[in-house]
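The structure appears right after this line, and notes come after that.
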Amino acid sequence: MTPARSVVLPAVLGAGVVLGLATQPWATGSSADALVGGRAVTASGSSLVPLAGALALAAGAASVVAVTGGRVVRRVAAALLLASALGCAAAIGWFLTDPASPLAADLATRTGRTSPPRVSASATWAAWAALAATLLPTAAGVAALRLAGRTRGLSGRYDSPAAGPPEQAPAREESLWDEVSRGDTDDTGGAGDTGGAAPHEPRRPDTMTPDRPAAETRPSRPDEEPDR
Numbered sequence: 008m009t010p011a012r013s014v015v016l017p018a019v020l021g022a023g024v025v026l027g028l029a030t031q032p033w034a035t036g037s038s039a040d041a042l043v044g045g046r047a048v049t050a051s052g053s054s055l056v057p058l059a060g061a062l063a064l065a066a067g068a069a070s071v072v073a074v075t076g077g078r079v080v081r082r083v084a085a086a087l088l089l090a091s092a093l094g095c096a097a098a099i100g101w102f103l104t105d106p107a108s109p110l111a112a113d114l115a116t117r118t119g120r121t122s123p124p125r126v127s128a129s130a131t132w133a134a135w136a137a138l139a140a141t142l143l144p145t146a147a148g149v150a151a152l153r154l155a156g157r158t159r160g161l162s163g164r165y166d167s168p169a170a171g172p173p174e175q176a177p178a179r180e181e182s183l184w185d186e187v188s189r190g191d192t193d194d195t196g197g198a199g200d201t202g203g204a205a206p207h208e209p210r211r212p213d214t215m216t217p218d219r220p221a222a223e224t225r226p227s228r229p230d231e232e233p234d235r
């Protein structure tokens with residue numbers, strides 16, 4: 008597996024699992040409160056631990072930047088990936104230690120109460136599975152930090168056609184100057200144009216002078232007789 012795949016695949020897969028499980032009930036319980044009526048109450052993971060979904064999204068996005076950015080950007084993104092994964096695991100772990108308090112706060116919000124009722128609750132399998140899924144982006148963050156100096160970022164095909172290494176511009180100018188020195192340019196009227204005038208031939212004027220008359224008439228003298 009390439010370094011990019013070893014970072015992106017587990018991070019995106021783990022983040023997707025956490026987001027998918029967040030739609031499932033993470034806690035179920037009951038309350039003796041009169042407004043609740045002793046019925047069973049449940050709540051999804053997105054309602055009980057909204058921070059977990061946000062950190063999972065951040066981990067997935069950071070994994071892509073960790074293999075496509077520059078050298079410094081890759082290291083920063085790798086650190087962000089690991090921090091997001093650990094934060095997501097901490098948020099879910101905090102919820103698992105006391106699922107009743109988040110469920111009571113969610114129940115108070117849904118019923119419009121100013122104080123949460125007393126609720127007895129337990130976490131469901133989905134919450135435990137989400138905690139286990141955070142191991143994937145955590146491992147991807149560790150791998151991203153170790154491989155930050157080995158990944159090469161995006162391929163050269165994604166560069167702008169006008170963009171290029173800085174050293175190419177002087178090489179291009181030197182190449183053109185050499186062609187001019189050797190007379191290899193193809194410009195019209197240049198030194199390499201074999202159909203034009205010789206290199207040392209003076210340029211002809213653009214305007215044409217009028218032709219001289221074929222024969223000049225010599226004025227006749229008074230002592231000369233005209234030819235008969």
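First residue of the sequence shown: 8, per this note's numbering; consecutive thereafter.
Beta carbons are placed, not taken as given, at the ideal position from N, Cα and C, and that holds for glycine.
Residues near residue i in its chain [Cβ-Cβ closer than 8 Å; skip 5 each side]
i: V80; result: V72
i: W33; result: A50, S51, G52, L55, V56, F102, P106, A130, T131, A133, A134 and A137
i: G100; result: L138
i: Q31; result: S51, G52, T131 and A133
Local conformation of residue i per DSSP, three classes
i: V80; result: helix
i: V24; result: helix
i: P10; result: helix
i: V126; result: strand
i: T121; result: coil
i: T75; result: helix
i: A29; result: coil
i: A204; result: With a pLDDT of 48 at A204, under the threshold of 50, the predicted position of this residue should be treated as unreliable, though the coordinate-derived value follows. Coil, per DSSP.
i: T116; result: helix
i: A176; result: Residue placement at A176 is poorly supported in this model, since its pLDDT is 46, which falls under 50; the coordinates are not used for a value here.
Supposed contact pair residue j and residue i - C-beta distance, whole angstroms, cut 8 Å
i: A86; j: T141; result: Not quite, the Cβ-Cβ distance comes to about 17 Å (not below 8 Å), so this is no contact.
i: A305; j: L88; result: Limits of the chain in this structure are 8 at one end and 235 at the other, which puts residue 305 out of reach.
i: P123; j: A115; result: 4 Å
i: S37; j: A47; result: 5 Å
i: A68; j: T145; result: About 16 Å separates the two Cβ atoms, so there is no contact after all.
i: A155; j: S70; result: Not a contact, Cβ separation roughly 12 Å.
i: L143; j: L58; result: That belief does not hold up - the Cβ atoms of L143 and L58 are roughly 18 Å apart, past 8 Å.
i: G76; j: A84; result: 6 Å
Range covered by the beta strand (DSSP E) that runs through residue i
i: T49; result: A47 to S51
i: T35; result: P32 to S38
Boundaries (first-last residue) of the alpha helix (DSSP H) holding residue i
i: P144; result: L142 to R153
i: D105; result: Where D105 is concerned, there is no enclosing alpha helix (DSSP H), given that its DSSP letter is neither H nor E.
i: V56; result: First-last for V56: undefined, no H or E at that position.
Proximal residues to residue i (C-beta, below 6 Å), its chain only, five neighbours per side dropped
i: A63; result: A22, V25, L26 and C95
i: A150; result: S13 and V14
i: A90; result: none
i: A128; result: A34, G36, P106, A107 and L110
i: L152; result: A85
Same chain, Cβ closer than 7 Å to residue i, five either side skipped, listed in chain order
i: T9; result: none
Residue-level contact to chain D via CB, residue i, 8 Å cutoff
i: A147; result: Absent from the structure is chain D; it holds one protein chain and no more.
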